[in-house]
Amino acid sequence: MGRVNGSSGPVSAARLRNQSSQVESRVCLIYYPDRDGGVVQGTGFLIGPDLVMTNYHVIEDALVRQLAGAAVKVRFGYTAEAPTLVEDSGADLNLADEKWLCASQRYADSDKTGQPPFAQPHELDYAVLKLAAQPGHDPVDIAPSHASLRGWFRLDACNTEAHAQKPIRIFQHPLGDPIKVSSGVVLKLPDNADCAFRLRHSASTDYGSSGSPCLDELNTCLLALHHAGDPSSEFARYNQAIPIPLIAADLRRQARSELVEQPPVPRAQALNAAVVRPAGAAAAGRSAQTIAYDLRRIGNLPFIARPRLRALLRQFVENNELSGNTVVIGGPGAAGKSHSWYLIRHIANLSAGVSPLRVDLAGRGVGERGLADVFELIKQPLGLDTAPSPFADSSQDARAAGRLLELLRKTLKTSAQNHWLVVDGLDDPATPDDTVVFFQRLGIAVVQHEIEHISAFLLGQLRSTGYESELQMLAYAENLLPLGRAEFLAYLQAEVAARNAAMAAADAQAIVDAALADVGNPPTRQQMQRAVVFLRDAIDGSVPAAVTP
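This is the structure:
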């Protein structure tokens with residue numbers, strides 16, 4: 001079987017889901033009160049950090065009545081799981097206080113009557129609205145592995161022409177409902193008659209869908225702005241949209257090129273960073289700023305996926321921020337064999353000639369004295385030796401986590417040094433014990449600059465979401481860390497232990513020898529990839545003589 005001629009071919013299901021989620025996050029419901037006590041509703045979408053595009057006829061009544069920006073509400077993230085419009089969720093944004101209409105063009109009378117004269121080049125039924133906030137910069141959950149920015153559609157990048165009989169998808173809020181998606185095909189392209197400056201499609205829409213983005217089947221190309229149905233038939237034979245290239249050209253004719261040429265969406269956003277340089281960094285001759293990277297959250301716990309670790313540490317090296325005050329903690333889920341630790345130690349030694357302190361909570365983080373252990377392990381490196389213990393009568397509860405956090409605030413406030421606290425091994429922390437509660441509060445306090453002279457980042461992996469293996473990440477590490485027998489063996493032992501399996505030392509040595517048999521010196525990336533695959537196959541039971549339950 002071959003690919004059908006003209007089709008896009010198979011696409012990763014995960015990629016399609018992620019792209020669909022990205023588009024959904026950029027689409028909004030627009031609503032405001034009408035003259036009769038009802039509500040005018042429509043759809044819009046971001047074309048800049050604070051710019052929304054919709055139809056002119058959606059916002060026409062607000063313009064005629066000269067409504068203030070605060071009267072026109074915009075809601076992003078309005079899904080079936082979100083609060084309804086009658087609930088006060090605090091999710092609504094307003095238009096800018098003044099001059100909220102950036103640019104617009106009226107519709108054609110034929111859009112309502114279906115009769116000539118038909119649309120002229122300037123009758124494109126669009127409006128660009130300015131918001132009082134910049135939701136395009138907000139972080140949103142797109143994929144299970146990381147958070148992303150909401151972002152926006154850049155009109156100057158939307159130069160793809162629609163083609164007849166090609167699929168089209170519309171993201172919309174019909175009847176003011178939570179976001180829905182409908183699919184159809186392009187029925188007719190713009191011509192010089194009744195379809196002038198319009199394209200027709202078969203995707204299903206309803207009242208309130210006006211202003212919706214029309215995309216291709218892969219959700220990658222913004223094709224058109226949906227605006228109307230068939231005006232001459234009670235049972236619509238088609239729906240109608242305005243091609244985006246025509247709108248972009250019209251904005252340029254109006255000398256509003258800045259609305260077309262919006263900046264690219266940043267790949268990462270410092271506002272969404274959980275690694276924050278200490279507030280006292282400026283006093284030490286370094287600028288206080290955040291490090292931008294992809295992250296997700298486990299509850300309120302700032303989380304860094306291990307594939308991002310190398311990029312983070314490289315920035316630490318460039319800023320000469322690794323020091324003897326760096327404390328690396330193996331957290332509640334640590335197996336005692338951490339390749340993140342190998343990488344941290346190696347880069348620290350290369351860049352600063354220091355050996356960060358390694359302490360482990362493996363097997364103790366969920367015990368009766370887990371939090372007390374944390375205090376004992378960090379008090380000397382962080383200068384807490386003379387500080388009073390936060391544990392009254394050896395209490396071990398969530399209140400103790402708050403007391404320990406307060407102790408850090410008070411003690412480090414007068415510190416002349418900057419400290420790093422690296423919490424590793426936070427793998428699937430399902431039990432919210434006191435240790436995890438402390439780490440959660442610590443992460444939030446650091447991000448919000450509530451504690452001076454300390455920075456923290458937390459490491460872990462989520463097996464349930466199909467994580468990228470640590471060793472494979474290290475194989476891509478561009479020789480930052482030389483992978484040899486010791487690293488392979490440590491990884492093998494840790495993974496076998498995580499599977500509650502057993503392996504004789506001789507068998508482990510034999511597997512590592514076999515994995516490295518074809519690896520040269522220096523190794524190539526392809527050789528390391530093959531070695532990693534071999535090792536993982538062995539761990540998963542492809543070498544049955546070696547691994548036994």
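1 is the number of the first residue of the sequence shown in this note's numbering; add one for each residue after it. Backbone N, C-alpha and C define an ideal beta-carbon position, used for all residues, glycine too.
Alanine 486 by DSSP, collapsed to three states: which one? Residue numbering aside, residue 486 sits at position 486 when the sequence shown is read from its first letter. Here alanine 486 sits in helix by DSSP.
Quick one, are the C-beta atoms of leucine 129 and tryptophan 100 less than 9 Å apart? For the purposes of this step, residue 129 is taken as the residue at position 129 of the sequence shown. For the purposes of this step, residue 100 is taken as the residue at position 100 of the sequence shown. Closer than 9 Å, so yes.
Buried or exposed for threonine 113, please, with buried defined as at least 16 other CB atoms from any protein chain shown within 10 angstroms of its CB. Here residue 113 corresponds to residue number 113 of the sequence shown, with the count starting at 1. Threonine 113 comes out exposed.
Name the residue from Ser110, Arg252, Tyr56 and Gly77 whose alpha carbon lies nearest to the alpha carbon of alanine 196. Residue 196 sits at position 196 when you count from the first residue of the sequence shown. Considering only alpha carbons, the answer is Ser110.
Thinking C-alpha only, which one of Leu259, Asp36 and Asp230 is nearest glutamine 115? Sequence index remark: in the sequence shown, residue 115 carries index 115 (1-based). Out of Leu259, Asp36 and Asp230, Asp230 has the C-alpha closest to the C-alpha of glutamine 115.
Less than 8 Å between the CB atoms is what I'm expecting for glutamine 120 and alanine 103, so what's the real figure, rounded? To locate residue 120, count along the sequence shown from 1; it is residue 120. To locate residue 103, count along the sequence shown from 1; it is residue 103. About 17 Å; that fails the 8 Å criterion.
Decide yes or no for the touch test of the segment 182–192 against the segment 44–61: beta carbon pairs closer than 8 Å, at least 3 of them. Cβ pair count under 8 Å is below three, so no.
With leucine 29 as the anchor, note down where its alpha helix (DSSP H) starts and where it stops. For the purposes of this step, residue 29 is identified with residue 29 of the sequence shown, where counting begins at 1. Taken as a continuous stretch (DSSP letters only), leucine 29 belongs to no alpha helix (DSSP H), being part of the beta strand (DSSP E) at 27–33.
Using the C-alpha atoms, what's the distance from lysine 188 back to alanine 249? On the sequence shown, position 249 is the one that residue 249 refers to. On the sequence shown, position 188 is the one that residue 188 refers to. C-alpha separation (whole angstroms): 21 Å.
For arginine 150, which option in Ala531, His163, Val265 and Arg17 has the closest C-alpha, if you only look at C-alpha atoms? Taking the sequence shown and counting its residues from 1, one reaches residue 150 at position 150. Answer by Cα proximity: Val265.
Short check: CB of alanine 133 to CB of proline 243, under 9 Å? The residue you call residue 133 lines up with position 133 of the sequence shown. The residue you call residue 243 lines up with position 243 of the sequence shown. The Cβ atoms of alanine 133 and proline 243 lie no closer than 9 Å to each other.
Determine, for proline 116, whether the minimum Cβ-Cβ distance to residues of chain C falls below 9 Å. The question asks about chain C, but that chain is absent: this structure has only one protein chain.
Provide the residue(s) that pair with histidine 226 in DSSP beta bridges, ordered along the chain. Residue 226 sits at position 226 when you count from the first residue of the sequence shown. According to DSSP, which records beta bridges pairwise, histidine 226 is partnered with Ala241.
With 16 other Cβ atoms within 10 Å as the buried cut-off, status of glutamine 240: For the purposes of this step, residue 240 is taken as residue 240 along the sequence shown, with counting starting at 1. Buried.
Taking the CB atoms as reference points, tell me whether cysteine 158 and proline 245 lie closer together than 9 Å. Residue 158 sits at position 158 when you count from the first residue of the sequence shown. Residue 245 sits at position 245 when you count from the first residue of the sequence shown. Annotated as proximal: cysteine 158 and proline 245, with beta-carbon spacing under 9 Å.
So for glutamine 105, helix, strand or coil by DSSP? Along the sequence shown, one-based indexing puts residue 105 at 105. In the structure shown, glutamine 105 falls within a strand segment according to DSSP collapsed to helix, strand and coil.
Please classify leucine 63: is it buried, with 16 or more other beta-carbons within 10 angstroms of its beta-carbon, or exposed? Here residue 63 corresponds to residue number 63 of the sequence shown, with the count starting at 1. The residue in question, leucine 63, is exposed, as its Cβ has fewer than 16 Cβ neighbours within 10 Å.
For phenylalanine 45, list the residues DSSP reports as bridge partners. On the sequence shown, residue 45 is found 45 positions in, with the first residue counted as 1. By DSSP's assignment, phenylalanine 45 forms a beta bridge with Val27 and Met53.
Going by beta carbon distance, what residues of the same chain come within less than 6 Å of leucine 93, once the five residues before and after it are set aside? Start at 1 with the first residue of the sequence shown, and residue 93 comes out as number 93. Within the same chain, leucine 93 has close Cβ partners Val74, Leu131 and Ala133.
Let me check understanding here. Comparing Cα to Cα, which of Glu258, Gly402 and Phe375 lies closest to serine 389? Position 389 of the sequence shown, counted from the start, is the residue given in the question as residue 389. Comparing Cα positions, the closest option is Phe375.
If the criterion is Cβ atoms closer than 9 Å, does the pair aspartate 216 and isoleucine 168 meet it? Reading the sequence shown from its first residue, position 216 is the one you call residue 216. Reading the sequence shown from its first residue, position 168 is the one you call residue 168. Yes.
In this structure, how does DSSP classify asparagine 219 when only helix, strand and coil are distinguished? Against the sequence shown, residue 219 aligns to sequence position 219. In the structure shown, asparagine 219 sits in coil (DSSP, three-state: anything other than H, G, I, E or B).
Please go through the same chain and pick out, in chain order, the residues whose beta-carbon is closer than 6 Å to the beta-carbon of serine 287, but skip the five residues on each side of it. Working through the sequence shown from its first residue, we reach residue 287 at position 287. For serine 287, the predicted structure reports a pLDDT of 30, less than 50, and the residue's modelled location is therefore unreliable. A value from the coordinates is still provided. Excluding positions up to five away in sequence, the list is empty.
Output needed for arginine 252: all residues of its chain with C-beta closer than 7 Å, excluding positions within five of it in sequence on either side, in chain order. Numbered from 1 along the sequence shown, position 252 holds the residue referred to as residue 252. Val260, listed in sequence order.
For valine 140, which residues in the same chain have their Cβ closer than 6 Å to its Cβ, ignoring the five residues on either side in sequence? Sequence index remark: in the sequence shown, residue 140 carries index 140 (1-based). Cβ within range, chain order: Ser25 and Arg150.
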